[in-house]
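Numbering (my numbering), first residue to last: 2 to 237. All residues carry an ideal CB built from backbone N, CA and C; glycine is no exception. For reference, the structure is listed below as structure tokens.
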Ligand SMILES: NC(=O)c1ccc[n+]([C@@H]2O[C@H](COP(=O)([O-])OP(=O)(O)OC[C@H]3O[C@@H](n4cnc5c(N)ncnc54)[C@H](OP(=O)(O)O)[C@@H]3O)[C@@H](O)[C@H]2O)c1
């Protein structure tokens with residue numbers, strides 16, 4: 002069902018970067034958007050950047066109790082978008098630390114699946130779930146061991162969920178590098194160089210990626226799919 006003013010869209014991680022852009026793009030269609038993330042301050046800041054018909058509440062996805070309380074507060078809704086992610090972890094196999102890997106997978110994969118589980122009682126049977134991976138799942142790369150592996154796992158999980166939860170649709174957006182606060186500790190030259198290594202000559206802005214999420218919410222016949230939004234980086 003196309004997004005409209007009667008659609009309710011929950012964006013977990015919707016207070017920054019990709020998630021905030023998704024919340025803004027969904028709200029621009031008239032949909033009622035509810036954003037959630039860990040820090041109350043982030044929720045407040047995001048609501049300042051969203052129309053008045055948006056709402057939000059803190060939720061720490063690393064706690065099932067927090068997720069359950071968040072969904073209880075939201076009530077019935079149509080679409081779940083999950084973009085929560087914490088600090089990046091880059092490194093070679095020589096630097097591999099199982100504890101760091103477990104942490105890196107936690108918010109991006111394990112808690113995403115917990116969010117889906119806890120959303121199900123209140124998610125519309127004709128709604129959708131959209132998870133987040135990354136283009137590194139397709140091209141890998143030295144230093145991208147954890148990023149590529151977790152992205153691959155999210156994509157595979159979404160295919161199984163699509164089969165299990167149909168007619169609820171389950172899809173994934175896999176962005177290339179996107180200019181968001183996630184990169185705030187990285188020198189701008191890194192993003193410029195990364196942009197130069199795409200067919201389109203630049204990294205993505207959050208709005209570029211948000212359009213893909215909204216398209217997946219808005220239509221009715223795509224499930225178990227991955228939308229790659231990477232400016233062609235996998236072809237270079
Ligand atoms: N940016 C890129 O280049 C890129 C590329 C490919 C994939 N991705 C993936 O896309 C996702 C979003 O990235 P982004 O660039 O939009 O990052 P971002 O701007 O740092 O936003 C991350 C969001 O996740 C929330 N979050 C983190 N830990 C949380 C927790 N425990 N509970 C609830 N919310 C939590 C943050 O909320 P608080 O502010 O409240 O902590 C924030 O709203 C990440 O998984 C990232 O790996 C990003």
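Cβ distance (whole Å) where residue i is taken to contact residue j below 8 Å
i, j, result
"residue 169", "residue 110", "Not quite, the Cβ-Cβ distance comes to about 19 Å (not below 8 Å), so this is no contact."
"residue 227", "residue 175", "5 Å"
"residue 54", "residue 25", "The Cβ separation is near 12 Å, so there is no contact."
"residue 103", "residue 144", "Actually they do not touch by this definition, with Cβ atoms about 19 Å apart."
"residue 216", "residue 178", "About 20 Å; that fails the 8 Å criterion."
"residue 68", "residue 207", "Their Cβ separation, rounded to whole angstroms, is 24 Å, which puts residue 68 and residue 207 out of contact at 8 Å."
is_contact[residue i, chain C] using C-beta, thresh 8 Å
i, result
"residue 156", "The displayed structure is made up of one protein chain only, and chain C is not part of it."
Boundaries (first-last residue) of the alpha helix (DSSP H) holding residue i
i, result
"residue 150", "146 to 166"
"residue 25", "18 to 29"
"residue 105", "99 to 106"
"residue 9", "Where residue 9 is concerned, there is no enclosing alpha helix (DSSP H), although the beta strand (DSSP E) it sits in stretches over 9 to 13."
"residue 118", "112 to 120"
"residue 43", "41 to 49"
"residue 1", "Outside the displayed span of the chain (2 to 237) sits residue 1, for which this structure offers no information."
"residue 213", "207 to 219"
"residue 195", "189 to 197"
"residue 137", "137 to 140"
Buried or exposed (CB count within 10 angstroms, at least 16 for buried), residue i
i, result
"residue 220", "exposed"
"residue 187", "exposed"
"residue 93", "exposed"
"residue 137", "buried"
"residue 234", "buried"
"residue 167", "exposed"
"residue 16", "buried"
"residue 246", "Within the shown structure, residues of the chain are numbered from 2 to 237, placing residue 246 beyond reach of any answer."
"residue 112", "buried"
"residue 40", "exposed"
"residue 98", "exposed"
"residue 194", "exposed"
"residue 139", "buried"
"residue 122", "exposed"
"residue 7", "exposed"
"residue 199", "buried"
"residue 147", "buried"
"residue 189", "exposed"
"residue 131", "buried"
"residue 66", "exposed"
"residue 214", "buried"
"residue 49", "exposed"
"residue 105", "buried"
Residue i vs residue j beta-carbon contact at 8 Å
i, j, result
"residue 47", "residue 81", "no"
"residue 108", "residue 135", "no"
"residue 78", "residue 4", "no"
"residue 181", "residue 37", "no"
"residue 116", "residue 13", "yes"
"residue 151", "residue 84", "no"
"residue 52", "residue 88", "no"
"residue 71", "residue 58", "yes"
"residue 164", "residue 225", "yes"
"residue 149", "residue 218", "no"
"residue 75", "residue 11", "yes"
heavy atom of ligand 3 below 7 Å from residue i C-beta
i, result
"residue 129", "This structure does not include ligand 3; its bound ligands are ligand 1."
Span of the beta strand (DSSP E), counted from its first residue to its last, around residue i
i, result
"residue 57", "56 to 59"
"residue 85", "No beta strand (DSSP E) contains residue 85, which DSSP labels as neither H nor E."
"residue 132", "124 to 133"
"residue 182", "Taken as a continuous stretch (DSSP letters only), residue 182 belongs to no beta strand (DSSP E), as it is neither H nor E."
**Report entry** Residue list, Cβ distance to ligand 1 heavy atoms smaller than 6 Å
**Finding:** 14, 16, 17, 18, 19, 20, 38, 39, 40, 43, 60, 61, 62, 63, 84, 85, 86, 87, 108, 109, 133, 135, 176, 178, 179, 181, 182, 183
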